[in-house]
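In my numbering, the protein residues as written are 231 to 450. Cβ coordinates follow ideal geometry from the N, Cα and C atoms, glycine included. Bear in mind that the values here come from a model prediction, so they are computed numbers and not experimental data. In what follows, a structure is listed as structure tokens, so that the remarks can point back to it.
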Amino acid sequence: MSNLTAIYNTSCFWAYVFSILMLGESLKIRKISAVCLSIIGIIILTFFKKDSKIPSHGNNIINRDEYGFFPGDLIAIFSAILCGLCEVIYKKYASPPTPSILFSNTLTGFMGLTSLLLLWIPLPILHFTGIEKFELPNLYTFGFILLIALMGVMFNANFMMVISFTSPLFAAIGTMLTIPLVAIVDVWVTGVPLGMNTIIGSFCILIGFVLLSWSNFLKR
231 MSNLTAIYNT
241 SCFWAYVFSI
251 LMLGESLKIR
261 KISAVCLSII
271 GIIILTFFKK
281 DSKIPSHGNN
291 IINRDEYGFF
301 PGDLIAIFSA
311 ILCGLCEVIY
321 KKYASPPTPS
331 ILFSNTLTGF
341 MGLTSLLLLW
351 IPLPILHFTG
361 IEKFELPNLY
371 TFGFILLIAL
381 MGVMFNANFM
391 MVISFTSPLF
401 AAIGTMLTIP
411 LVAIVDVWVT
421 GVPLGMNTII
431 GSFCILIGFV
441 LLSWSNFLKR
């Protein structure tokens, strides 16, 4: 999972590339440094973990290709590129000239409606073909699913507003702040202390975000 996490979070790099190509963003040392620091932080967080070894089955060595890591890496790269492109397209074509909270929330609502009406269709197909079995959760699990869904709605609504009011790059790097926040919550819930990789990686992401915020402040 660590390599996929690192690859997917390069979306901030792609958001900056597409912002240069489509929005006319200029190359700035501060912004480039912010992107580099954030990606370095992700790499430190994901690859320098004590438990990052791939589990083995007895004396057999696990083949990377056998477990689908390489196709997974390609999917993660493609997802990161699409994520960066989607943010820039929204900023260029869908975001109104005057940033609007109502418009952003309406668009988020339509995205949720599309998911509700269309994205459930593959589930019964996968279930009845035996590719992936699904079963209804119990009430306890269902409660957590509802809580996660509510948080997802809040996140997506705020994310679209951030893109409208700032820039795709700022939104992408800002999203990375969830990684150290999750680590802090994990310590609070599990009681396991933070590793040095988490501290250093989170610090890099935080510095990158502060650097980008400073760049946006100077731009104004």
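When you compare each of A245, I237, N239, T240 to S397 by their alpha carbons, which one comes out closest?
A245
State the start and end residues of the unbroken alpha helix (DSSP H) segment that holds N386.
If you look at N386, you'll find it in the alpha helix (DSSP H) that goes 369 to 395.
Closer than 7 Å by C-beta to A310: which residues in its own chain qualify, once you throw out the five before and the five after it? Chain order, please.
I237, Y238, T240, S241, W244
Can you find the residues in the same chain that come closer than 6 Å, C-beta to C-beta, to S454, ignoring five residues on each side of it along the sequence?
The structure shown has nothing for residue 454, since the chain only spans 231 to 450.
Which residues mark the beginning and the end of the alpha helix (DSSP H) in which T336 is found?
First-last of the alpha helix (DSSP H) with T336: 331 to 348.
Among I430, L353, L346, L448, which residue has its Cα nearest to the Cα of L267?
I430
Comparing C-alpha positions only, which one of V412, L356, I414, N388 sits nearest to A402?
N388
How big is the Cα-Cα spacing for C313 and M391?
16 Å
Is it the case that the Cβ atoms of L441 and S263 are separated by a distance below 8 Å?
Taking 8 Å as the cut-off, the Cβ atoms of L441 and S263 count as close.
Which two residues bound the contiguous alpha helix (DSSP H) that contains V422?
First-last for V422: undefined, no H or E at that position.
From the DSSP output, in three-state form, read off F278 for me.
Collapsing the DSSP output to three states places F278 in coil.
Thinking just about the alpha-carbon of each residue, which of I378, L332, G404 is nearest to the one in I437?
G404
Between V415 and P423, which are expected to be in contact by the criterion C-beta below 8 Å, what is the C-beta distance as a whole number of angstroms?
Contact flag wrong, Cβ pair sits at about 14 Å.
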